[in-house]
Structure formats: C-alpha cells, structure tokens
Amino acid sequence: MAFSSGGGNDKVNATINIVPLVDVMLVLLIIFMVTAPLMAHKVQVDLPEANLDERPETGQSAPPLTVAVTDSGEIFLNDEPVTLQLLESMFSVEAQKTPQPPVNIRGDATTKYRTIQDVVNVAQSQGMRKVGFIATIESR
C-alpha cells in the first residue's frame with residue numbers, strides 16, 4: 342500500500358495496487374494445476390476398441406411404426422385408429438421381429454402427457470427397444 346510520509350504534500354494516491362491481485366491469481370493457478378490431475382477418473386476401465394471402418398451389413402431395416410396421439414386421446418398406429426389394448430398386442434408381435442422396428446410417437450401439442458406416457462409404457466412393456474418422439478423445429 343502507498344502511504345505518504347507527511348511532508349506537506351496533501352495529495353492522495355488513488356492508484357490500485359495490482360501486485361496482491363496477481364499474487365492471489367498465481368496461487369489459485371498453482372492450486373488448480375496441482376489438483377486437476379487428481380480429479381481425473383479414479384476407476385480405471387479398459388474400454389473396448391471399435392473398428393468403424395468395417396461394419397457388418399445388417400440387411401434391410403424395418404420400417405418404423407408411427408403412433409399418433411391426438412389432443413382428444415385417440416391413438417393411431419400407421420394412420421389406422423387403434424385402442425390401447427390393440428396397440429399392446431401389435432407391439433408384442435412387432436417386438437418378436439428381427440430387426441425390431443423403431444416406434445415413433447407423434448403427439449399433438451395439446452395432448453395430455455398421461456396419454457403419451459401410457460403409449461410409451463405399453464411399447465416398453467412389450468419389449469420395444471427403440472421408442473422415440475417426433476417433433477417439429479421451433480420457428481424463431
């Protein structure tokens with residue numbers, strides 16, 4: 342800090358002393374440099390290596406099943422009206438196929454979440470592994 346020795350000069354020294362700030366920043370930098378390697382993964386796992394150049398041909402993929410849910414709670418499977426029980430039996434048949442088709446769910450913006458959750462639960466309980474949602478991009 343800068344103090345005057347009292348000689349008749351009544352001017353106030355209004356400059357900021359940056360040296361302590363730099364000292365603190367250097368100490369923090371050293372602390373982070375020492376502790377950063379310690380924050381690495383503590384459990385060492387040998388991950389498998391994948392060769393992405395050679396992929397086996399899986400053949401034709403199954404066309405997706407599109408489930409549409411309207412705001413009134415009506416359910417359509419590939420544009421055909423179905424009930425939840427019929428949807429359950431259709432999903433159990435489709436889950437046995439190889440390759441298994443993905444399920445795409447299209448819900449109206451005002452559809453209750455409970456109805457969509459029921460469709461997702463039915464699909465997952467019947468063994469459908471790929472359940473996704475279809476949405477539109479927000480307009481800006």
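In my numbering, the protein residues as written are 342 to 481.
All C-beta atoms in this analysis are idealised placements derived from N, C-alpha and C, irrespective of residue type, glycine included.
query	result
Pick from Gln441, Ala450, Glu415 that is closest to Ile478, judged by C-alpha positions	Ala450
Contacting residues, own chain, Cβ-Cβ under 7 angstroms from Gln467 (five flanking each side not counted)	Glu429, Phe432, Ser433, Ala436
DSSP state of Val353 mapped onto helix, strand, coil	coil
Of the listed residues Thr456, Val365, Thr452, Thr439, nearest to Met469 (C-alpha basis)	Thr439
Any C-beta of chain B under 8 angstroms from that of Asn358	Of the protein chains in the structure, only one exists, and it is not chain B.
Pro378 (DSSP reduced to helix, strand or coil)	helix
Beta-bridge pairing of Asn445 - partner residues as DSSP gives them	Thr407, Gly473
Sufficient close CB pairs (3 or more, under 8 angstroms) joining the stretch 441-461 to the stretch 408-423	yes
Per DSSP, the bridge partner or partners of Val423	Ile416
Beta-carbon contacts of Pro443 that lie in its chain and below 6 angstroms, excluding the five residues immediately before and after	Pro405, Lys471
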